[in-house]
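In this note's numbering, the protein residues as written are 5 to 583. Working notes, beginning with the structure itself.
Next comes the structure, spelled out in structure tokens:
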């Protein structure tokens, strides 16, 4: 049994079989073989080792010729390890004694060795961990071939163990089979974390080296409420976590009774509770959780779930599907937020050095007008079939907003010339997710009909903290007074200019911040579907007078520690089960 502590990002407990992936989606299976097949597996191992060693010898010779012997010497460790009888004997023993496949035996031994190296104080050995992973991948490629795991068609329930999951990987997941995530890297608002919460499955990230501790087929407990992962648990751990999981299930079942009740404070103030989605099929579950509509449709996942750029018709069919599922409820479509860690960096020959500050989101769309217009045409065509609003992300200047609106007007004229029906009075909104937009909120409010505050990026850019970097995860805090002041100022600017304002970042779905946001004047919350019941419970348990008092107290604090402590105490009174 091995217990690992990481960052809790999606609550709940799951006990399932591990599916370990490397960055290339190579599956590392655990499959028992018959005794009569042992010799065949040993032969496969010997062939893979010989081929890998030959490849490395050839690579070493080529580099020595082009760049000199000193640089080529970096492969001496790789070649030496493949010739190390102690290592090969350990892999052989795994096959012979446990009747494992050659690939599983390689994975078990190499990851065990990597974990040993990582614990060594000798820097030479600790720095060889990446080399060990490289050797493991090389052997697995020889044993498995070019077959990658098809994450969209899994045969059994699994928890995914990975260094990280790219947006393109998570977009292709079989959502009926993946029961949890655990990753080496990531923070609370990393993409993997957001997807896990949207799916309503337990997840822990920032575990450091969980991929070195787990082999495919191991039994794993993922406790997304407490940030714990247990590998090959004993009976006591299994019993304890089954009981904890049952308590959580009973709590969630009790909350579900609120589904058809309004999100209304005890003194009669009505609040709108919406959901965030990535795919139209998520709408049904969001409505079952009590969502009144969709406050954020992340349309870039049309790109991430496909191996080709979506056509106008691909966009149109997705939007019409979403509209039909909503039956008249609102659908806020965010235009493409590609760039940064999504899609474009994987496609570029020369990736940007700092993509989160680069050509992303609305900037990318304004640099690729044909792509932008394809999406806008589809949105406008679909708009006649339902209650559709459009929202531009990552607005940093008034000029960007005006350029995006101009492109939209051009598309309207093109459709009108073609005789295609659309809504000309489509509501246009702006996402407030960088400090410049929050500071200029009064001016931006005069150009749009609504705001949506994207707290994930707003926190990242305000605090200069990479929200996907587990090393600085502790610095990423929605409770930082500077962030709270920007949120307050944006909500107040919207009110002064008589436009709607919502929060659609992860902060909206955290019950800890519900009282504060409500007290700051927020009347529209948009969150992942599974978060809705707890947030609704807090809203229905308080009064606006109390919420305003909470906000007044919080805004007088000068540290996030004070803010967090105070909000926990106040929220615990209303939702003790969650704390």
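We put the CB at the ideal spot given by N, CA and C, even for glycine. Quick caveat: nothing in here was measured; it's all calculated off a predicted structure.
Excluding sequence positions up to five before and after residue 139, its CB lies within less than 8 Å of the CB of 56, 82, 85, 86, 114, all in the same chain and listed in chain order. Here residue 162 is near residue 181, since their CB atoms are less than 8 Å apart. Looking at 331, 225, 379, the one whose alpha-carbon comes closest to that of residue 341 is 379. Inter-residue distance for residue 371 and residue 414 is about 16 Å (C-alpha atoms, whole angstroms). Put simply, the backbone Cα of residue 387 is about 15 Å away from that of residue 423. In the three-state reduction of the DSSP assignment, residue 427 falls in the coil class. Beta-bridge pairing by DSSP links residue 8 to 233.
A distance below 8 Å separates the beta carbons of residue 299 and residue 278.
In terms of Cα proximity to residue 137, the closest of 533, 566, 118, 440 is 118. Between the segment 436-453 and the segment 395-402 there are three or more C-beta pairs closer than 8 Å, enough to call the two in contact. Put simply, the backbone Cα of residue 523 is about 39 Å away from that of residue 320.
Here residue 389 carries a coil assignment [DSSP, helix/strand/coil]. Taken atom to atom, the span from the alpha-carbon of residue 212 to that of residue 169 is near 14 Å. Residue 435 counts as buried, since no fewer than 16 other beta carbons sit within 10 angstroms of its beta carbon. With 16 or more other Cβ atoms from the protein chains shown falling within 10 Å of its own Cβ, residue 531 counts as buried.
With contacts defined by Cβ atoms closer than 8 Å, residue 165 and residue 214 form a contacting pair.
In the three-state reduction of the DSSP assignment, residue 157 falls in the coil class.
For residue 93, no beta strand (DSSP E) segment is defined; the enclosing uninterrupted segment is the alpha helix (DSSP H) at 89-102. When DSSP states are grouped into helix, strand and coil, residue 183 belongs to the strand group. With a 10 Å radius around the Cβ and a threshold of 16 neighbouring Cβ atoms, residue 52 comes out buried. Between residue 554 and residue 513, the C-beta gap is not smaller than 8 Å, which leaves the two residues out of contact. Under the three-state reduction of DSSP output, residue 454 falls in the strand class. Every beta strand (DSSP E) of 3 residues or more that sits fully in the segment 234-304 is shown, in chain order, as 276-281, 298-302.
Closest by C-alpha distance to residue 359, out of 37, 470, 517, is 470. Considered as a whole, the segment 480-545 harbours 504-507, 528-532 as its complete beta strand (DSSP E) runs of no fewer than 3 residues, in chain order. Just measuring C-alpha positions, the residue of 437, 574, 566, 534 sitting nearest residue 253 is 534. The alpha carbon of residue 7 has as its nearest neighbour, out of 242, 361, 59, 329, the alpha carbon of 242. Here DSSP, grouped into helix, strand and coil, assigns residue 373 to helix.
Collapsing the DSSP output to three states places residue 105 in coil. According to the DSSP assignment, residue 466 belongs to the alpha helix (DSSP H) that extends over 459-467. Exposed is the label assigned to residue 374, since fewer than 16 other Cβ atoms lie within 10 Å of its Cβ. Bridge partners of residue 67 according to DSSP: none are assigned. By the neighbour-count criterion, in which a residue is buried when 16 or more other Cβ atoms sit within 10 angstroms of its Cβ, residue 291 is buried. The criterion of a C-beta distance shorter than 8 Å is not satisfied by residue 294 and residue 11.
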